[in-house]
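For reference, the structure discussed in these notes is given below.
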Amino acid sequence: MGYCQQTLLGCAGAFILAVIWFVSFGLALVVHHLCGWKINMKGKESSWSLRICLIMLIIFTSAAAIGCILLSVGQDDFHGEALHTLNYVVNQSDYTVQTLRNVTTYLSLAKTVSVAQIFLPSDVMKDIDRLNVDLNTAANTLELKTNENSSKTRRVFNTVRSALIAVATVMLLISLLGLGMHCQIISYSLTKIMCFLLLIVYFGAVLSILGHQHAIYVFIISGWLLVAVTFILCGVFVILNNAISDTCMAMGEWVENPRAETALSNILPCVDQRTTNQTLFKSKQVINDIVNIVNQYIDSAANANPPPQAVPYYFNQSGPAIPHLCYPYDSQLQDRQCTAEEVTMANASLVWQNYTCNVSASGFCSSVGRLTPQMYWELVAALNISYALEHYTPLLLSLQNCDFVRDTFREITLFYCPPLKHSLQIVNAGLALISVGVMLSLALWILYANRPQREEALAKISSRIRRSCNGKTSFKHYKTALSARFQTLGA
Numbered sequence: 068m069g070y071c072q073q074t075l076l077g078c079a080g081a082f083i084l085a086v087i088w089f090v091s092f093g094l095a096l097v098v099h100h101l102c103g104w105k106i107n108m109k110g111k112e113s114s115w116s117l118r119i120c121l122i123m124l125i126i127f128t129s130a131a132a133i134g135c136i137l138l139s140v141g142q143d144d145f146h147g148e149a150l151h152t153l154n155y156v157v158n159q160s161d162y163t164v165q166t167l168r169n170v171t172t173y174l175s176l177a178k179t180v181s182v183a184q185i186f187l188p189s190d191v192m193k194d195i196d197r198l199n200v201d202l203n204t205a206a207n208t209l210e211l212k213t214n215e216n217s218s219k220t221r222r223v224f225n226t227v228r229s230a231l232i233a234v235a236t237v238m239l240l241i242s243l244l245g246l247g248m249h250c251q252i253i254s255y256s257l258t259k260i261m262c263f264l265l266l267i268v269y270f271g272a273v274l275s276i277l278g279h280q281h282a283i284y285v286f287i288i289s290g291w292l293l294v295a296v297t298f299i300l301c302g303v304f305v306i307l308n309n310a311i312s313d314t315c316m317a318m319g320e321w322v323e324n325p326r327a328e329t330a331l332s333n334i335l336p337c338v339d340q341r342t343t344n345q346t347l348f349k350s351k352q353v354i355n356d357i358v359n360i361v362n363q364y365i366d367s368a369a370n371a372n373p374p375p376q377a378v379p380y381y382f383n384q385s386g387p388a389i390p391h392l393c394y395p396y397d398s399q400l401q402d403r404q405c406t407a408e409e410v411t412m413a414n415a416s417l418v419w420q421n422y423t424c425n426v427s428a429s430g431f432c433s434s435v436g437r438l439t440p441q442m443y444w445e446l447v448a449a450l451n452i453s454y455a456l457e458h459y460t461p462l463l464l465s466l467q468n469c470d471f472v473r474d475t476f477r478e479i480t481l482f483y484c485p486p487l488k489h490s491l492q493i494v495n496a497g498l499a500l501i502s503v504g505v506m507l508s509l510a511l512w513i514l515y516a517n518r519p520q521r522e523e524a525l526a527k528i529s530s531r532i533r534r535s536c537n538g539k540t541s542f543k544h545y546k547t548a549l550s551a552r553f554q555t556l557g558a
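Using my numbering, the first residue of the sequence shown is number 68, and each one after it goes up by one.
Next up, the structure:
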C-alpha cells in the first residue's frame, strides 16, 4: 500500500462521519418536516423541560464557542509556525544559492588577476568559463525548485487558514444567535443573559419579527451543512497531521542515512554533486595558481636584485626579502600547513605593507623597500580574490556532501516539528468541540423549532423582551407576562 493510500485511509473516518452526518441529518429533517412532529409540554413539565433544555443548550453553545476559540488560536499558531518553518527552508536555499553565485563571481574575478602582467593560464580561464555555466545552472535550479515548492505550500496554508477562520466565525455566530433566538422563546428568566449579549438579542429580535420558525430553520440548515464541512476539515487536518509527522520522521531518518534523491528533494534539493566537485577542485586550483603568480613576482622582481637596465624588474628595490605567500593546498590539492618563512592569506597584506617603499616622480623607490605602492595593491587585489575563494571552500564541501540539507533537516526536526504538531492538536480539539457542540445544539433547535405556539403570543413576547433590554419593564411585569405566556401555550 502506497503512502498516499495509507494517509487517506487514516483520515477516512472523518470523511465517513461527514457523509453519515450529512445523509442521516438530512433525512431526519425531511421526515420531521413531512410528518410534522410536534412537542406538546404543559404546566410544570413544560417549565422544567424548558429549563433543562435551556441549560443543555447553553452548555452545548459554550462548547462550540470554546471550540471556535481553540480553532482560532490553533490555526493562528499553526499558520505562523508553518510559515516560520517554510521561511527557514527558503532562507537556507537562498543562502546556498548566494554561495554558489558568490563563488561564480570570485572565479570570474580571478580571470582578471594581473601582477606585473602575469595572468592565469589560458586553459584555467576556459575551465572557469565552463564551470560558471554549471554553477549558474545549479543555482537557478535550486532557487526555482525551492520557490516553486514554497509558493505551493503557502497557497495551501493560506487556503486552510481562510477555511478555518470562516468556519470558526460562522459557527460561533450561528451558535450564539441560535441560542439567543431560542432564549426568547423559552423563558423570560434569560433577560439578564440576553441583555448581556445585546448584539445577539438584537439580531434574534429582528429575525423573530419575520417568524422564528423560518429563521431557526435557516440556522438549522446552515449548522447541518457547516458540521459536515467541519468533519471534512477534521479529515483534512488528519491528512496534514500525518503528512507533517511523516515528513518530520523522514527528515530524521534522512539525517541519519542521507540519500541524494528522495521525496524530500522537493523541499530542499541537494546541489548537483558533479558540479560541486568540479567547483571545489577548480577553486583550489585557482587559489594555488594565484599564489603562484604572487610568489613568481616576488622571486623574479621584488626579491631579485636586477641591474638598473633591467626595467621593469628594476625599480631600486632594497632591504630584507619579502616572505612568500603560503600555498594553502599541496600538489594533490589537499590541505597544507604553512611554514615559518611564509605568510598566510589572513595577514599577508599587513606584513607586505612593511616592505613598501616611497617612490619618486620617475617611479623608482626613494627609500628602503621592495614593493612600490602600485605593486603592493596589485598583490593585495590578487590576495583578496584567493582569500575569498578559500573562504568558500568549507561551504563548497558542505554542498558536496549535502551537509547543508542535513543541517537544515536536523534543525527542523528539533525546533520546528514539535510546535507544528502541538498547533495541529489544538486545531483538531477545536474542530471536535465545534462539531459536537453544534450537532447537539441542532438537536435542541429542532426540538423547539416547531413547538405549538401562537403568533400573537410570539409577537407580544418579542416586543416585551426588546423593551426589557432597554430597561422599560419591571421584573414583576416579566413574571406576569411569563405566566400568561405559559397559559396561552397550554391552551
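Backbone N, C-alpha and C fix where the C-beta goes; we use that ideal spot for every residue, glycine too.
| Item | Value |
| --- | --- |
| Residue nearest to Val505 in terms of C-alpha spacing, selected from Trp88, Phe476 and Arg222 | Trp88 |
| Beta-carbon separation (whole angstroms), Thr343 vs Ile501, contact threshold 8 Å | Their Cβ separation, rounded to whole angstroms, is 51 Å, which puts Thr343 and Ile501 out of contact at 8 Å. |
| Cβ shell of Leu491 (< 8 Å), same chain only, five flanking positions each side left out | Gly141, Phe145, Phe304, Leu307, Asn308 and Ile311 |
| Leu266 burial status per 10 Å Cβ neighbour count (16 or more: buried) | Residue placement at Leu266 is poorly supported in this model, since its pLDDT is 38, which falls under 50; the coordinates still yield a value, given next. Its Cβ having fewer than 16 others within 10 Å, Leu266 is exposed. |
| Beta-carbon gap between Pro336 and Lys212 smaller than 8 Å | yes |
| Length of the line joining the Cα atoms of Gly93 and Phe224 | 32 Å |
| Spatially closest choice to Asn362 from Trp444, Gln340, Thr163 and Leu392, by CA coordinates | Leu392 |
| Between the CA atoms of Cys432 and Ile452 - distance to the nearest angstrom | 27 Å |
| Ile452: first and last residue of the uninterrupted alpha helix (DSSP H) it sits in | Pro440 to His458 |
| Tyr162, buried or exposed, once every other Cβ within 10 Å from all chains shown has been counted against 16 | exposed |
| Ala130, buried or exposed, once every other Cβ within 10 Å from all chains shown has been counted against 16 | buried |
| Residue nearest to Lys349 in terms of C-alpha spacing, selected from Leu101, Tyr396, Tyr381 and Leu153 | Tyr396 |
| Status (buried if at least 16 other CB within 10 Å, exposed otherwise) for Cys102 | exposed |
| Nearest candidate by alpha-carbon position, reference Met316, set Asp143, Ala496 and Tyr483 | Tyr483 |
| Terminal residues of the alpha helix (DSSP H) in which Arg473 lies | Asp470 to Glu478 |
| Within-8 Å CB hit, Asn169 to chain D | No chain D appears in the structure shown, which is made up of a single protein chain. |
| Rounded Cβ spacing between Val426 and Thr439 (contact assumed at less than 8 Å) | 5 Å |
| Cα-Cα separation between Asp339 and Leu463, rounded to whole angstroms | 12 Å |
| Reference Gly436; option with closest CA among Trp444, Ala428 and Asn421 | Asn421 |
| Identified DSSP bridge partners for Cys432 | Val426 |
| 6 Å Cβ shell around Ala377 - same chain, five flanking residues per side excluded | none |
| Helix, strand or coil at Ile185 [DSSP, three-state] | strand |
| DSSP three-state assignment for Asp194, whether helix, strand or coil | helix |
| Residue range of the unbroken alpha helix (DSSP H) whose run includes Ala415 | Ala415 to Gln420 |
| Enclosing alpha helix (DSSP H) for Asp356 [first to last residue] | Gln340 to Tyr364 |
| Where Trp444 falls, given that 16 or more other Cβ within 10 Å makes a residue buried | exposed |
| C-alpha distance - Cys135 paired with Ala496, whole-angstrom precision | 10 Å |
| Alpha-carbon to alpha-carbon, Leu202 and Thr475 | 21 Å |
| Gly430 burial status per 10 Å Cβ neighbour count (16 or more: buried) | exposed |
| Neighbour-count burial assignment, Asn199, 16 or more Cβ in a 10 Å radius | buried |
| Contact set for Asn370: own chain, Cβ-Cβ below 7 Å, skip 5 residues either direction | Ala388, Ile389 and Arg437 |
| Cβ-based neighbour list, Val182, same chain, cut-off 7 Å, excluding 5 preceding and 5 following | Ile360, Val361, Tyr364, Glu445, Leu446 and Ala449 |
| Coil, strand or helix - Val505 by DSSP | helix |
| Exposure of Lys219, with buried meaning 16 or more beta-carbon neighbours within 10 Å | exposed |
| Beta-ladder partner(s) of Ser385, from DSSP | Gly436 |
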